[in-house]
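S.K.: Reminder that position 57 of the sequence shown reads as 57 in full-length UniProt numbering, one-by-one numbering, no gaps. Beta carbons: idealized from backbone N, C-alpha and C, even for Gly.
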Amino acid sequence: MSAQTSHQSENSYPTADETTKSHWERRAVIDLANVRENVKRVGELVAPAAVMAVVKADGYGHGAVAVSRAAIQAGASWLGCAHVTEALKIREAGLEAPLLAWLHTDGTPFEEAISANIDLAVSGWELDHVANAAQAAAQPARVHLKIDTGLGRNGSTAAQWEELLGRAASYQDEGLMRVVGVFSHLAVADEPERPETDEQLKAFNEAVALAEDAGFDLEVRHIANTPAILSRPDAHYDMVRLGLGLYGLSPFAGEDPARYGLRPAMTLESRIANVKKVPAGQGVSYGLHYHTSEETYLGLIPMGYADGLPRTANNAPVSILGKTYLVRGTIAMDQFVVDLGPDIDVAAILGATAILFGEGGPSVTEWADAAGSVNYEIVTRISPRVPRRLVEGTWGESGE
Ligand SMILES: *Cc1c(COP(=O)(O)O)cnc(C)c1O
Numbered sequence: 001m002s003a004q005t006s007h008q009s010e011n012s013y014p015t016a017d018e019t020t021k022s023h024w025e026r027r028a029v030i031d032l033a034n035v036r037e038n039v040k041r042v043g044e045l046v047a048p049a050a051v052m053a054v055v056k057a058d059g060y061g062h063g064a065v066a067v068s069r070a071a072i073q074a075g076a077s078w079l080g081c082a083h084v085t086e087a088l089k090i091r092e093a094g095l096e097a098p099l100l101a102w103l104h105t106d107g108t109p110f111e112e113a114i115s116a117n118i119d120l121a122v123s124g125w126e127l128d129h130v131a132n133a134a135q136a137a138a139q140p141a142r143v144h145l146k147i148d149t150g151l152g153r154n155g156s157t158a159a160q161w162e163e164l165l166g167r168a169a170s171y172q173d174e175g176l177m178r179v180v181g182v183f184s185h186l187a188v189a190d191e192p193e194r195p196e197t198d199e200q201l202k203a204f205n206e207a208v209a210l211a212e213d214a215g216f217d218l219e220v221r222h223i224a225n226t227p228a229i230l231s232r233p234d235a236h237y238d239m240v241r242l243g244l245g246l247y248g249l250s251p252f253a254g255e256d257p258a259r260y261g262l263r264p265a266m267t268l269e270s271r272i273a274n275v276k277k278v279p280a281g282q283g284v285s286y287g288l289h290y291h292t293s294e295e296t297y298l299g300l301i302p303m304g305y306a307d308g309l310p311r312t313a314n315n316a317p318v319s320i321l322g323k324t325y326l327v328r329g330t331i332a333m334d335q336f337v338v339d340l341g342p343d344i345d346v347a348a349i350l351g352a353t354a355i356l357f358g359e360g361g362p363s364v365t366e367w368a369d370a371a372g373s374v375n376y377e378i379v380t381r382i383s384p385r386v387p388r389r390l391v392e393g394t395w396g397e398s399g400e
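The following block contains the structure:
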């Protein structure tokens with residue numbers, strides 16, 4: 001990991017002072033060069049389709065503004081968020097790329113969104129709210145109509161689709177909105193052998209055709225998330241919505257992201273807070289669910305569930321001075337323990353860096369497997385207590 005970048009202040013998380021070795025205790029190192037490289041790889045894969053960088057949930061825990069900027073620099077032409085409030089923060093940071101928000105309530109600030117040139121997804125009930133907000137903002141809304149092709153979450157049902165198209169066409173005729181997109185979301189694209197993705201694409205094609213028949217001049221048809229980007233070229237349409245792959249992670253069980261030329265953007269690390277020799281039979285952490293099998297050294301790592309580690313990640317791997325150890329006993333709020341074995345250099349290990357996951361250490365997926373979760377959740381839940389450090393790695397372009 002190399003020098004800090006000028007983006008440091010754009011990160012929405014507290015930042016670590018990296019000037020001397022002793023000034024950091026735990027951190028998530030975010031390699032923006034890897035983010036750029038991931039965008040370029042996906043851009044090549046999906047061309048001529050455009051890439052939307054999905055930066056909801058503060059960029060899956062990586063920092064939405066810094067990731068957005070890096071993604072745009074590397075050729076992403078759109079940004080996407082779940083909430084309008086997330087999108088407004090991106091606009092406040094000065095990013096002007098086309099930006100879509102897709103999950104609303106009747107508390108959503110639609111008028112502010114329209115004034116900030118944020119495109120709005122509409123599944124049904126939002127249409128009238130968006131039209132009223134456009135009237136108040138004295139500016140037409142840019143709308144992407146969402147069709148539920150099988151996921152069963154948001155989106156219009158097929159049964160209500162033509163009515164939605166008709167209502168949107170009326171509002172468009174009144175000058176209150178422009179329907180610029182039709183989109184949907186996939187349910188099982190991370191399991192390429194399942195048949196439902198074909199069914200969803202067929203339903204999507206029908207919904208798009210009806211929208212075109214209704215006279216809309218669509219800029220973007222989009223349905224692909226990261227798994228479909230990597231496994232379904234027939235799902236790329238005009239644009240793909242790149243989330244997990246932007247952060248260099250693979251959505252497929254047992255598949256290394258390197259297979260797709262993707263590099264993980266987050267490295268989570270801390271420093272060994274204590275080392276001590278204990279006898280055989282020593283119980284470890286709350287509940288004493290682990291007992292040492294021999295005289296050994298225990299190492300204490302000062303991160304826990306308040307830092308976003310899953311409390312259930314028993315036996316997750318941690319890399320210390322090039323060797324892998326396992327989480328032993330329950331992860332507590334602030335700390336957990338690894339069993340270092342009997343033969344260690346105590347002086348070298350106390351204060352050494354422990355890499356929980358990232359380049360040069362275990363993978364996010366190993367932590368997800370240990371916790372019964374997915375890599376998406378592991379990075380996204382790393383809490384604001386962990387300072388983010390933005391770097392430009394040695395990979396790809398030289399950075400700035
Ligand atoms: C989160 C999200 C994505 C990104 O999915 P990935 O699998 O992370 O690429 C795309 N579209 C929608 C609607 C989403 O909510």
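What's the C-alpha gap between Asp119 and Ile223?
M.R.: Straight-line Cα distance between these residues: approximately 16 angstroms.
S.K.: When the Cα of Gly155 is compared with those of Thr312, Ile382, Ala203 and Ala332, which residue comes out closest?
M.R.: For Gly155, the nearest C-alpha among the options comes from Ala203.
S.K.: May I have the straight-line CA-CA distance separating Pro384 from Glu206, to the nearest angstrom?
M.R.: Their backbone Cα atoms lie some 43 angstroms apart in a straight line.
S.K.: In its own chain, which residues sit with a C-beta less than 6 angstroms from the C-beta of Ser250, not counting the 5 before and 5 after it?
M.R.: Hits under 6 angstroms: Pro257.
S.K.: Which stretch, first to last residue, makes up the beta strand (DSSP E) that contains Ser325?
M.R.: Looking at the sequence shown, residue 325 is not Ser but Tyr. Segment Lys323 to Arg328, the beta strand (DSSP E) holding Tyr325.
S.K.: Does the distance between the C-beta of His104 and the nearest non-hydrogen atom of ligand 1 fall short of 7 angstroms?
M.R.: Incorrect: His104 has no Cβ contact closer than 7 angstroms to ligand 1.
S.K.: With DSSP collapsed to three states, give me the class of Gly299.
M.R.: If DSSP states are grouped into helix, strand and coil, Gly299 belongs with the strands.
S.K.: Taking its Cβ as the centre, do 16 or more other Cβ atoms sit within 10 Å of residue 402, making it buried, or is it exposed?
M.R.: With the chain represented from 1 up to 400, any question about residue 402 goes unanswered, as that position is not in the structure.
S.K.: Can you name the start and end residues of the alpha helix (DSSP H) that Ser68 belongs to?
M.R.: First-last of the alpha helix (DSSP H) with Ser68: Ala64 to Gln73.
S.K.: Does any heavy atom of ligand 1 sit closer than 7 angstroms to the C-beta of Gly215?
M.R.: Not under cutoff, so the answer is no.
S.K.: Just reading off the beta strand (DSSP E) that Asp369 is part of, what are its end residues?
M.R.: Careful: Asp369 lies outside any beta strand (DSSP E), inside the alpha helix (DSSP H) at Val364 to Ala371.
S.K.: Can you tell which of Gly175, Glu163 and Val220 has its C-alpha closest to the C-alpha of Ser184?
M.R.: Comparing Cα positions, the closest option is Val220.
S.K.: Below 8 angstroms on the Cβ atoms is my guess for Ile349 versus Ile272; work out the distance and round it to an integer in Å.
M.R.: Between Ile272 and Ile349 the Cβ distance is about 6 angstroms, and since that is below 8 angstroms, they are a contact.
S.K.: Out of Lys277, Ala332 and Glu377, point me to the one whose CA is closest to Asp339's CA.
M.R.: Measuring from the Cα of Asp339, the nearest candidate turns out to be Lys277.
S.K.: Who does Leu390 pair with in a DSSP beta bridge?
M.R.: Ile30.
S.K.: What would DSSP say about Leu210, mapped onto helix, strand or coil?
M.R.: Reduced to three states, the DSSP call for Leu210 is helix.
S.K.: What would DSSP say about Asn274, mapped onto helix, strand or coil?
M.R.: Three-state result, Asn274: strand.
S.K.: Would DSSP call Thr353 helix, strand or coil?
M.R.: Strand, per DSSP.
S.K.: Hey, which unbroken runs of the alpha helix (DSSP H) at 4 residues or more fall wholly within the stretch 78-131?
M.R.: Whole alpha helix (DSSP H) segments, 4+ residues: 84-92 and 110-115.
S.K.: Rounded to whole angstroms, what's the CA-CA distance from Gln160 to His104? Just pull it up for me.
M.R.: The alpha-carbon atoms of Gln160 and His104 are separated by roughly 19 angstroms.
S.K.: Which first and last residues belong to the beta strand (DSSP E) in which Val338 is found?
M.R.: Where Val338 is concerned, the enclosing beta strand (DSSP E) stretches over Phe336 to Gly341.
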